[in-house]
Amino acid sequence: MLLAAILVLGIGTYTMRLGGVMLRERLTLSPALQRLLPMAAAALLCALAGTATLMAGSSFAGLSRPAGVAVGALLAWRKAPFVVVVVAAAAVAALLRLAGVN
2 MLLAAILVLG IGTYTMRLGG VMLRERLTLS PALQRLLPMA AAALLCALAG TATLMAGSSF
62 AGLSRPAGVA VGALLAWRKA PFVVVVVAAA AVAALLRLAG VN
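Letter by letter, the sequence shown follows residues 2 to 103 of the numbering used here.
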């Protein structure tokens, strides 16, 4: 059952991608819409990141996870190496959890 669901989702994903490629010639978008679509994708990505940062299931994730993400974002903004960003974010979250800050 799980394998069937994975196959169906995979086929659906590639079908949608193929549809986009095939309809590219037939569908014309206005210049305003062409400028807005990349921003919509970025907004969707930010919303997903925010939800994953702040929520654990249907409840608030606690302060340690957002604090770790904030440290990671700050280090990424300061152009720290990727490994440093990940280790620092994980360390901050783990130390806050160890200290009892959930």
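From the three backbone atoms N, C-alpha and C, an ideal C-beta is built for every residue, glycine too. Being a predicted model, the structure only gives us computed values, none of them experimental.
Contact under 7 angstroms by Cβ, residue i with residue j
i	j	result
V72	A89	yes
G69	A94	yes
Three-way DSSP call (helix, strand, coil) for residue i in this model
i	result
A57	strand
A92	helix
S65	helix
S100	According to the sequence shown, residue 100 is Ala rather than Ser. In the structure shown, A100 sits in coil (DSSP, three-state: anything other than H, G, I, E or B).
Chain-order list of residues whose beta-carbon lies under 6 angstroms from that of residue i (same chain, five-residue window excluded)
i	result
V86	G73, L76 and A77
Rounded Cβ spacing between residue i and residue j (contact assumed at less than 8 angstroms)
i	j	result
L49	P67	Not really, about 15 angstroms apart at Cβ, beyond 8 angstroms.
L96	L64	12 angstroms between Cβ atoms; not a contact.
Beta-carbon contacts of residue i that lie in its chain and below 8 angstroms, excluding the five residues immediately before and after
i	result
N103	G63, L64 and S65
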